[in-house]
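Its first residue numbered 1, the sequence shown is counted upward by one per residue in UniProt numbering. C-beta atoms are modelled at their ideal positions from N, C-alpha and C, and glycine is treated no differently. A short write-up of the structure that comes next.
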Amino acid sequence: MPLAAGENSQNLSTQSTAKAPLLGASLAELTAWVEASGQPAYRGRQLYQWIYQKGARHLREITVFPKQWREELADFPIGRSTIHHRSVAPDETIKYLLKLADNQIIETVGIPTADRLTVCVSSQVGCPMACDFCATGKGGFIRNLEKHEIIDQVLTVQEDFKRRVSHIVFMGMGEPLLNADNVIAAIKSLNQDVGIGQRSITLSTVGIPNRIRRLAEHQLQVTLAVSLHASNQKLRQKLIPSAEGYTLENLLAECREYVKLTKRRLTFEYVLLAGLNDLPEHAEELAKHLRGFQSHVNLIPYNPIQEVDYQRPNPKSIQAFVSALKQRGIAVSVRYSRGLEADAACGQLRANHI
Ligand code: SAH
1 MPLAAGENSQ
11 NLSTQSTAKA
21 PLLGASLAEL
31 TAWVEASGQP
41 AYRGRQLYQW
51 IYQKGARHLR
61 EITVFPKQWR
71 EELADFPIGR
81 STIHHRSVAP
91 DETIKYLLKL
101 ADNQIIETVG
111 IPTADRLTVC
121 VSSQVGCPMA
131 CDFCATGKGG
141 FIRNLEKHEI
151 IDQVLTVQED
161 FKRRVSHIVF
171 MGMGEPLLNA
181 DNVIAAIKSL
191 NQDVGIGQRS
201 ITLSTVGIPN
211 RIRRLAEHQL
221 QVTLAVSLHA
231 SNQKLRQKLI
241 PSAEGYTLEN
251 LLAECREYVK
261 LTKRRLTFEY
271 VLLAGLNDLP
281 EHAEELAKHL
291 RGFQSHVNLI
301 PYNPIQEVDY
311 QRPNPKSIQA
321 FVSALKQRGI
331 AVSVRYSRGL
341 EADAACGQLR
351 ANHI
């Protein structure tokens, strides 16, 4: 099948000028690519297996390919990163700093349990949203990640743990809906080529006007998590500068449309900051907004970052917040972040190493 110039295909040029990395290409695209290089079609399947199953980092490693062709391809990129730093927490969570082809550094986390291996992936280098409690937000924005750079994070964790990845959360650095085309393309490839169920993938967003609605149109089976963090507009604007241009009312209206269009329930994330958004009246206000909404609230006790002095609430107030929501019929859970010992909150590891 020839490569179409549509948005879902990539330009896998065999010329040395525009070398789009091969990672993220489908079996059909890889087959077309090997054929364009004068090789038989079955080499496409070999290439596909070496990239997605054997984790080949360079074409010269693919020993089933003819030696001369391998030499010709020696510097053609597959698109893999290198592990720049690796930090293992006592609970076996591993935080990685991965170095990209242009030497930018991103953070990725592997979170194992008995029956799951979850990868927390980044979607951007840095983040422009500047949420006040977020370490990544304090560092500013550098660039979007390419599709292959997102897929690579999953393969890297899978190889390092020597275990299949079962779940993916887009909760690393960056705002995925500001890089929606690459994130959606990566999700499709992670599903089709790496074999991860879409229902085991969660995309977390702080909300960008009209983007949640547009995401719904793609009819993916992923879980959408929306970072709410406040029970009213005034408080939300204080914590999330971008909320100024996007009222809570409009955000929730888009979320309702998402549920209607996709028939999938969504998660609201709510970082608990002591004395700020964790009081009984906040729980009450939140419950009013979410009454009858097909959703689930995920409370995240704040992980301290160096730049600001918010506090994590004590267990008693966390419990009180949970009870206040439950009493009002809201489904709720608390997420205790793993791997804190590996270097405080997410984003902090990179901040301390660049
Ligand atoms: N840009 C996306 C992904 C960000 S990270 C989003 O905003 O949803 C995933 C979650 O971690 C978000 O809900 C984010 O608000 C939260 N988070 C960021 N910094 C945190 C911190 N210091 N403590 C607890 N949660 C934090």
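Assign T17 to one of two classes, buried (16 or more other C-beta atoms within 10 Å of its C-beta) or exposed (fewer than that).
-> Here residue 17 is taken as the residue at index 17 of the sequence shown, counted from 1. With a pLDDT of 46 at T17, under the threshold of 50, the modelled position of this residue cannot be trusted; read the value that follows with caution. T17 comes out exposed.
Are the beta-carbon atoms belonging to E175 and V206 less than 8 Å from one another?
-> The residue given as residue 175 occupies position 175 in the sequence shown. The residue given as residue 206 occupies position 206 in the sequence shown. With respect to the 8 Å criterion, E175 and V206 are classified as neighbours on the basis of their beta carbons.
Under the three-state DSSP convention, the category Q221 falls into | Counting from one through the sequence shown, the residue named residue 221 turns up at place 221. For Q221, the secondary structure class from DSSP, reduced to helix, strand or coil, is coil.
In this structure, does DSSP put S323 in helix, strand or coil?
-> The sequence position of residue 323 within the sequence shown is 323, counting from 1. In the structure shown, the three-state DSSP call for S323 is helix.
Under 7 Å from any heavy atom of the ligand SAH, does the C-beta of F133 make it?
-> Locating residue 133 in the sequence shown gives position 133, where the first residue counts as 1. It does: the Cβ of F133 is within 7 Å (strictly closer) of some heavy atom of the ligand SAH.
Does DSSP classify S204 as helix, strand or coil?
-> Translated into the one-based positions of the sequence shown, residue 204 becomes position 204. Strand.
With respect to 7 Å, is the separation between the Cβ of E302 and the closest non-hydrogen atom of the ligand SAH below this value?
-> For the purposes of this step, residue 302 is taken as the residue at position 302 of the sequence shown. It is Tyr, not Glu, that sits at residue 302 in the sequence shown. The answer is yes for Y302.
CA-to-CA distance, P280 to A320, given in whole angstroms | As a first step, residue 320 must be located in the sequence shown, where it is residue number 320. As a first step, residue 280 must be located in the sequence shown, where it is residue number 280. If you take the alpha carbons of A320 and P280, they lie about 7 Å apart.
Any idea if P21 is buried or exposed, counting beta-carbon neighbours within 10 angstroms, 16 or more meaning buried?
-> Within the sequence shown, numbered from 1, the residue matching residue 21 stands at position 21. P21 comes out buried.
Mind checking whether L117 and R60 have CB atoms under 8 Å apart?
-> The sequence position of residue 117 within the sequence shown is 117, counting from 1. The sequence position of residue 60 within the sequence shown is 60, counting from 1. With respect to R60, L117 sits apart: the two C-beta atoms are not nearer than 8 Å.
Return yes when the C-beta of I305 is under 7 Å from any heavy atom of the ligand SAH, and no when it is not.
-> Within the sequence shown, the letter at position 305 stands for residue 305. Yes, Cβ of I305 sits closer than 7 Å to a heavy atom of the ligand SAH.
Apply the 10 Å Cβ neighbour rule to P2 and answer buried if 16 or more other Cβ atoms are within range, or exposed otherwise.
-> Counting from 1 along the sequence shown, the entry for residue 2 is found at position 2. Bear in mind that a pLDDT of 33 at P2, under 50, signals an unreliable position, so the number given afterwards is only what the model happens to contain. It counts as exposed.
Quick one: what's got a C-beta closer than 7 Å to G6's C-beta in the same chain, skipping five residues either side?
-> Counting from one through the sequence shown, the residue named residue 6 turns up at place 6. Reliability of the predicted coordinates at G6 is poor, the pLDDT of 34 falling under 50, and the value obtained from them is presented with this limitation in mind. Apart from the 5 residues on each side of it in sequence, G6 has no Cβ closer than 7 Å to any other Cβ in its chain.
Report all residues from its chain with a CB closer than 6 Å to the CB of S227; omit the five preceding and five following residues, and keep chain order.
-> Position 227 of the sequence shown, counted from the start, is the residue given in the question as residue 227. The beta carbon of S227 sits closer than 6 Å to the beta carbons of V206, E269 from its chain, once the five residues preceding and following it are set aside; these are given in chain order.
Assigned exposure category for V297 - 16 Cβ within 10 Å defines buried | Within the sequence shown, numbered from 1, the residue matching residue 297 stands at position 297. Buried is the call here.
By DSSP, does L3 sit in helix, in strand, or in coil?
-> Mapped onto the sequence shown, residue 3 falls at position 3. Confidence at L3 is low in this model, with a pLDDT of 35, below 50, so the placement of that residue is unreliable and no value is reported for it.
Does DSSP classify Q199 as helix, strand or coil?
-> The residue you call residue 199 lines up with position 199 of the sequence shown. Reading the sequence as shown, one finds Arg at residue 199 and not Gln. DSSP places R199 in helix when its eight states are reduced to three.
Among P209, K147, N103, I184, nearest to I201 - alpha-carbon criterion | Taking the sequence shown and counting its residues from 1, the one referred to as residue 201 is at position 201. The candidate whose alpha carbon is nearest that of I201 is I184.
When we look at the beta-carbon of T301 and count the other beta-carbons within 10 Å, is it buried (16 or more) or exposed?
-> Numbered from its first residue, the sequence shown carries residue 301 at position 301. The amino acid occupying residue 301 in the given sequence is Pro; Thr does not appear at that position. Classification for P301: buried.
Are three or more beta carbon pairs between the region 102-109 and the region 203-219 nearer than 8 Å?
-> Counting Cβ pairs under 8 Å, fewer than three are found: no touch.
Check the DSSP bridge columns for E269 and list the partner residues they point to.
-> Looking up residue 269 in the sequence shown gives position 269. Note: E269 sits in a beta bridge opposite S227, N298.
Does the beta-carbon distance from Q124 to N144 come in below 8 Å?
-> By one-based count along the sequence shown, residue 124 stands at place 124. By one-based count along the sequence shown, residue 144 stands at place 144. Their beta carbons are under 8 Å apart, which means Q124 touches N144 by this criterion.
Going by beta carbon distance, what residues of the same chain come within less than 7 Å of H84, once the five residues before and after it are set aside?
-> Your numbering for residue 84 matches position 84 in the sequence shown. For H84, where only same-chain residues beyond five positions count, the Cβ hits under 7 Å are L97, L98, K99, I105.
Counting along the chain, where does the alpha helix (DSSP H) carrying L276 start and finish?
-> Reading the sequence shown from its first residue, position 276 is the one you call residue 276. It is not in any alpha helix (DSSP H) - L276 carries neither H nor E in the DSSP assignment.
Rounded straight-line distance, which links the Cα of F170 to that of Q79 | Stepping through the sequence shown from its first residue, residue 79 is reached at position 79. Stepping through the sequence shown from its first residue, residue 170 is reached at position 170. The question names Gln, but residue 79 in the sequence shown is Gly. Pairing G79 with F170, the inter-Cα distance amounts to about 20 Å.
Where in the region 39-114 do unbroken runs of the beta strand (DSSP E), each at least 3 residues long, occur, reported from the N-terminal end onward?
-> Those beta strand (DSSP E) runs which fall completely within the region 39-114 and span 3+ residues are 82-88, 94-99, 105-112.
Within its chain, find whatever has a CB closer than 8 Å to the CB of L180; leave out the 5 residues flanking it on each side and keep chain order.
-> The residue given as residue 180 occupies position 180 in the sequence shown. According to the sequence displayed, residue 180 carries Ala and not Leu. R211, R214, L215, listed in sequence order.
With V169 as the anchor, note down where its alpha helix (DSSP H) starts and where it stops.
-> Within the sequence shown, residue 169 is the residue found at index 169, counting from 1. Element bounds for V169: not the alpha helix (DSSP H) but the beta strand (DSSP E), 167-170.
Could you check if Y336 is buried or exposed, using at least 16 other CB atoms within 10 Å of its CB as the buried criterion?
-> Sequence index remark: in the sequence shown, residue 336 carries index 336 (1-based). It is exposed - the Cβ of Y336 has fewer than 16 other Cβ atoms within 10 Å.
Report the rounded CA-to-CA distance for E285 versus S295, giving the unit in angstroms.
-> Reading the sequence shown from its first residue, position 285 is the one you call residue 285. Reading the sequence shown from its first residue, position 295 is the one you call residue 295. Looking at the two C-alpha atoms, the distance is approximately 16 Å.
Specify the secondary structure class of Q192 as computed by DSSP and reduced to three states.
-> Translated into positions along the sequence shown, residue 192 becomes position 192. Of the three classes helix, strand and coil, the one that applies to Q192 here is helix, per DSSP.
Taking only the alpha-carbon atoms, compute the straight-line gap between D152 and I240 and give it to the nearest angstrom.
-> In the sequence shown, counting from the first residue as 1, residue 152 sits at position 152. In the sequence shown, counting from the first residue as 1, residue 240 sits at position 240. The C-alpha of D152 lies about 30 Å from the C-alpha of I240.
What is the rounded straight-line gap between the Cα of D115 and the Cα of Q53?
-> In the sequence shown, residue 115 corresponds to position 115, counting from 1. In the sequence shown, residue 53 corresponds to position 53, counting from 1. Approximately 21 Å, taken between the alpha carbons.
Please report the residue range of the alpha helix (DSSP H) in which Q153 lies.
-> Taking the sequence shown and counting its residues from 1, one reaches residue 153 at position 153. Here the alpha helix (DSSP H) through Q153 covers 147-161.
DSSP state of T118, grouped into three classes?
-> Residue numbering aside, residue 118 sits at position 118 when the sequence shown is read from its first letter. T118: strand per DSSP, three-state reduction.
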